[in-house]
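Asks: Sharing a structure with you now.
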Amino acid sequence: MSLFEVKNLRKNFGGLAVTDDVSLSLQKGDRIALIGPNGAGKTTFVNLVTGHLKPLSGTVHLDGQNVTKASPTQRVKQGLVRSFQVTRLFSEMTPEEHVALAILQRLGRSGHLFTNFKTMPEVVEEIGSILALLGLGGIARTPVAEIAYGQQRLLEIALAMALRPKVLLLDEPAAGVPSSDTVLIERALAQLPPGLAVLMIEHDMDFVFRFAQRVVVLAAGAIIFDGTPAEVGKDARVREAYLGSYADDRSVA
Amino acid sequence: MQTILSIGADALSYGMVLFIISIGLSVTMGLMKVVNLAHGAFAMIGGYIASYATQQMGLPFGVAIIAAVLGTMLVAVPLERFLYRRIYGAPELTQVLMTIGITFAIIGIANFAMGPTLKTIALPSQLQGPVDLGFRTIAAHKLFAAAVGVVVAIALWFIIERTPFGVRLRASVDDAAMAGALGIRTKIIYAVSFALAVGLAALGGVVGAQLLPIEPYYALHYMVTFLVVVSVGGAGSITGALVAALLLGAVQTTGRYLMPEYGEFFFYLAVIAIVCVFPNGLMGRSK
Amino acid sequence: MSETTLNPSASTPLWRRSVTRDLVAVLILAAVAVALFFLFPSNLALLTRIVAMMLLVLSLDLVTGYSGVATLGHATLFGAGAYAAGIVAAKFGITDPLLMLAVGALAGAAAGAISSLVILRGHGLSQLVLSIAVVSLAHEAANKLSGWTGGSDGLSGISPSALFGMFRFDLFGRTAFIMSVVLLLVVFVVLRIIVRSPFGMLCRGIKQDPVRIRAMGAPVYFTLVKMYAIAGAVAGLGGALSAIATKVVGLDSLSFTLSAEALVMLVLGGTGKLFGALVGTLVFVWFEDRVSAINPFHWLTIVGCLLVAVVLFAPKGLTGAAEAIWKRMRGARS
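Chains as they are written, first to last, in the working numbering: chain A, 3 to 255; chain B, 12 to 298; chain C, 31 to 364.
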């Protein structure tokens, strides 16, 4: 059994199939990129998998358990975590508090009324190590509204790490980051635990080819390709549906 | 049977007055996304102007209505320009506070200028007596209120669906940024709609003065009712406001006739039930 | 700031620093209370009423300032506490003031939890309307159940026994004032701890982005219901305090007007800050008492203009404005 397995997932919006019999599985340590042209149904797929939309049919298994009917928060607790394409952070809170909240949530202490994370040495230590790992230590106590966008993107990754997921869905982790700074995001993703299974949605092809061992292409709601980055540029259907002139212009293989 | 007819007639006229006043609020909320708690205060200003015009100046009722509508707009336009424009798109809490502030100030000023007593509007003789409908008689002013409500509903529908202004208004409601990019001057659309909304409030204040008597605390007493009508109907929907006003008018009137000792208990119970089931209102669009 | 500030040995003093700041805050509040006690010996009843209102506004700050719930019906929780404490005293002979406070807190917490189930169903406008409907419904119910509540005449016959069996509630309101100040200080410290706790952080997170909170796997609805119950206990204490101090409970303690006034006080002082709730209440009620003695309608005009001014020029309230001035002065000096 795979660590994460999606089987025959279907979803219609007003008769139109936006997710058409999608099956996908991830093993421990996988680094997979999900690509596809605009409107291919990538966002719908993420929403189905995370439980924000109900599928018409099909199943989602996480670590051997059927989570098809589980609520989004239950799935997070079982180890399925997502990041957001558009940064969703608490503008008045500091990176330190963000990471603290994620760690406390993971430890089941986020409902505690009369404690303070600053008095929990193990939490303080973990916050420090995560922020240091991502190079955010220097701005740990600066409100998020005042830090650079690239740093906010890194904090998104820090939150995902603090939740210690088994499967991580990264929704365009480098979206909106100036290209000179994408290397920081890449470096941060390289710090993710090796055993974690990662499914990344991304538009930047160079980034995809450096990151992923496997590329899955979604077009019109269906998977039209599943293979190595080396093969994706040669696939005729992918050329037609998505890469088009891009693949012709440069040798992606 | 007689009771049912009495309740029905009262509920209809009361519901129509609620509609005339609330529809303006619904437009402001649907278009500018402003929770305008001062809307009732504008209805009250209309009532005061009409009362002054008929009682102190001896002007005829028709002239008083026009004076009330225009006079209230005259008060409201600078408020829109200098206060409301600052809170378009602000969080609800900010809007609530600013408009409650405006309401409080208007109440205080109204009391200072007009005194704390009830003010009446002199009706023309045609509207004073009862009208025989065959099966029973009904006060003429109640029929008049219901008729004005029908006219307002039809006129609004015509303006919004059939005029160039209506097209621009609907475009601004759907997507203000896009409408602006298409060359629609949203600021002017907003100002005109605001004036229209306030004018309707004033009209409702005058026409409904027999049912909702004019006094300084009018602005606070009925504010909740108007807000409830808009919320139940769904902000920005004419049909929704009409249905909600008639429905809630019926609930309130029935309660007063049959169970006066319970006050507004069942009214608020109905509000909670409807809003819990339809959080965006009966005709509201889901977000 | 360097990364070393995050290691545990360096963060312990930081935690101690917040304890020190709590102590300083409590000492300041106590000093102000003592000063008021001696400066205005004939106004102790008003001051006690202010403390009861402070508890209501603190409670409102928890749900509005810290958790982002827009409500115009918060007096429901205050009134529940007031009536519960009043009814057990007048009808069941439970006149021990501490017991009455406990009953008020429990009733407030229950009212908070139950009303939140309704209010949290809505968002934006519908949330406001639901909150108004809830307080109006409670008001009508209390009016109808006049056998228990005294209806529009108010609930009388509340005669609290001596505090600890020793301190009678005197005519000048000294006992009531001292008790209320001690109660306020205890609540204040407890709330300072709660707003900094993991739960408090979670609520602040929900205020800013509930979607992100859910993506962390934390429950939004349940957390807010819990916060509402806590806020209910605080407001209920305020209601019970007012029942003990004034010996009557009126329908106005369960009104839309009181709810709106509480919101005005909170915003005047500054939302999302416990000190803001205290400052706003003190300033508002004190001025209300002075100005409305002259003419209640002038008071309304002044409050109205003040509100507009606060929204336009000091959206963070008096404490926010004071903070900004303080920062600017410090900036200019250095």
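In this text, a Cβ means the ideal position worked out from N, Cα and C, and glycines have one as well.
For the structure I just gave you, are there three or more beta carbon pairs, one from the stretch 190–201 of chain A and one from the stretch 25–43 of chain A, closer than 8 Å?
Replies: The answer is yes - the stretch 25–43 of chain A touches the stretch 190–201 of chain A, with three or more Cβ pairs under 8 Å.
Asks: Are the beta-carbon atoms of G35/B and A208/B separated by less than 8 Å?
Replies: Yes, the Cβ-Cβ distance between G35/B and A208/B is below 8 Å.
Asks: Quickly, what does DSSP pair E7/A with across the bridge? List them, please.
Replies: S27/A and H63/A.
Asks: How about T96/A and R143/A: do their beta carbons lie closer than 8 Å?
Replies: It is a contact, given that the beta carbons lie within the stated cut-off.
Asks: Would you call Q106/B buried or exposed, if buried means 16 or more other Cβ atoms sit within 10 Å of its Cβ?
Replies: Its Cβ being crowded by 16 or more others within 10 Å, Q106/B is buried.
Asks: Among all the DSSP beta bridges, which residues are the ones paired with R84/A?
Replies: DSSP, once it has assigned bridges, lists L171/A as partnering R84/A.
Asks: Among V297/C, F327/C, G350/C and K357/C, which residue has its Cα nearest to the Cα of A100/C?
Replies: A100/C has its Cα closest to that of V297/C, out of V297/C, F327/C, G350/C and K357/C.
Asks: Is the beta carbon of G203/C less than 8 Å from the beta carbon of L85/C?
Replies: Contact flag unset, no.
Asks: Below 9 Å between beta carbons is the criterion; list the residues of the stretch 242–276 of chain C that meet it against any residue of chain A, in chain order.
Replies: Listed by position, the residues of the stretch 242–276 of chain C near chain A (Cβ gap below 9 Å) are R242, I243, R244, A245, M246, G247, A248, P249, V250, F252, T253, K256 and I260.
Asks: May I ask you to report which of helix, strand or coil DSSP gives T46/A?
Replies: T46/A falls in the helix class under three-state DSSP.
Asks: Applying the 10 Å Cβ sphere with the 16-neighbour rule, what's the burial state of Q263/B?
Replies: With 16 or more Cβ atoms within 10 Å of its Cβ, Q263/B is classed as buried.
Asks: Does DSSP put R143/A in a helix, in a strand, or in coil?
Replies: Coil.
Asks: Provide the residue span of the alpha helix (DSSP H) that contains M40/B, from first to last.
Replies: Residues Q13 to M43.
Asks: Distance check for I225/A and R12/A, CA to CA, integer angstroms please.
Replies: The straight-line gap from Cα to Cα measures roughly 12 Å.
Asks: Hey, how far is the Cα of Y233/B from the Cα of G51/B?
Replies: Cα-Cα distance, rounded: 6 Å.
Asks: Could you tell me the alpha carbon to alpha carbon distance between M257/C and M246/C, rounded to whole angstroms?
Replies: Approximately 19 Å between the Cα atoms of the pair.
Asks: Assign M359/C to buried or exposed, taking buried as 16 or more other Cβ atoms, counted over all protein chains shown, within 10 Å of its Cβ.
Replies: Counting Cβ neighbours within 10 Å, M359/C comes out exposed, since fewer than 16 surround it.
Asks: Which residues in chain F have a C-beta closer than 7 Å to the C-beta of S227/C? List them in chain order.
Replies: Absence of chain F from the displayed structure is noted, the protein chains being A, B and C.
Asks: Just to confirm the assignment, what range does the alpha helix (DSSP H) spanning P74/A have?
Replies: First-last of the alpha helix (DSSP H) with P74/A: P74 to K79.
Asks: Taking 7 Å as the limit between beta carbons, can you name the residues of its chain near G38/A, skipping five residues before and five after?
Replies: Hits under 7 Å: K44, V219, L220, A221 and Y244.
Asks: Might you give, ordered along the chain, the residues of its own chain that have their beta carbon closer than 8 Å to the beta carbon of V83/A, omitting 5 neighbours on each side?
Replies: Cβ neighbours of V83/A beyond the five flanking positions: A162, L165, P167, V169, L170 and L171.
Asks: Any idea if G148/B is buried or exposed, counting beta-carbon neighbours within 10 angstroms, 16 or more meaning buried?
Replies: Just to set this straight, residue 148/B is Thr in the shown sequence, not Gly. Label assigned to T148/B: exposed.
Asks: With 8 Å as the limit, tell me which residues of the stretch 90–103 of chain A have their beta carbon closer than that to any beta carbon of chain C; keep them in chain order.
Replies: The stretch 90–103 of chain A vs chain C, Cβ under 8 Å: R90, L91, F92, S93, E94, M95, E98, E99, A102 and L103.
Asks: Cα separation between W168/B and P224/B?
Replies: Rounded to whole angstroms, W168/B to P224/B spans 29 Å at the Cα level.
Asks: Leaving aside the five residues before and after Q221/B along the sequence, list all residues of the same chain whose C-beta is less than 6 Å from its C-beta, in chain order.
Replies: Hits under 6 Å: H152.
Asks: Just verifying my parser: in three-state terms, what is the DSSP assignment at T117/A?
Replies: T117/A: coil per DSSP, three-state reduction.
Asks: Cutting at 6 Å between CB atoms, please list the residues of its own chain near K115/C, excluding the five before and the five after it.
Replies: First, the residue type needs correcting, since residue 115/C is Ala and not Lys in the sequence shown. Only M130, V133, G134, A270 and A273 meet the Cβ criterion.
Asks: List the whole-angstrom C-beta distance separating G262/C from A140/C, where the pair is believed to meet the contact cut-off of C-beta under 8 Å.
Replies: Their Cβ separation, rounded to whole angstroms, is 7 Å, which keeps G262/C and A140/C in contact under 8 Å.
Asks: Can you tell me where the beta strand (DSSP E) with F227/A in it begins and where it stops?
Replies: Segment A224 to G229, the beta strand (DSSP E) holding F227/A.
Asks: Closer than 9 Å by beta-carbon distance: list the chain A residues that pair up with D239/C, in chain order.
Replies: The answer, in chain order, is R90, L91, F92 and S93.
Asks: For a test of the three-state rule: what should DSSP assign to D183/A, helix, strand or coil?
Replies: Helix, per DSSP.
Asks: Applying the 10 Å Cβ sphere with the 16-neighbour rule, what's the burial state of G215/B?
Replies: Buried is the call here.
Asks: To which residues of the same chain is Q87/A closer than 6 Å at the C-beta, ignoring the five residues directly before and after it?
Replies: D173, E174 and A177, listed in sequence order.
Asks: So, does the stretch 79–88 of chain B touch the stretch 229–249 of chain B, judging by three or more C-beta pairs under 8 Å?
Replies: At 8 Å Cβ cutoff, the stretches do not touch.
Asks: Bridge partners for D185/B per DSSP, in chain order?
Replies: Paired residue(s): none; D185/B is not in a bridge.
Asks: May I ask which residues mark the beginning and end of the beta strand (DSSP E) holding D91/C?
Replies: From DSSP, D91/C is part of no beta strand (DSSP E); its letter is neither H nor E.
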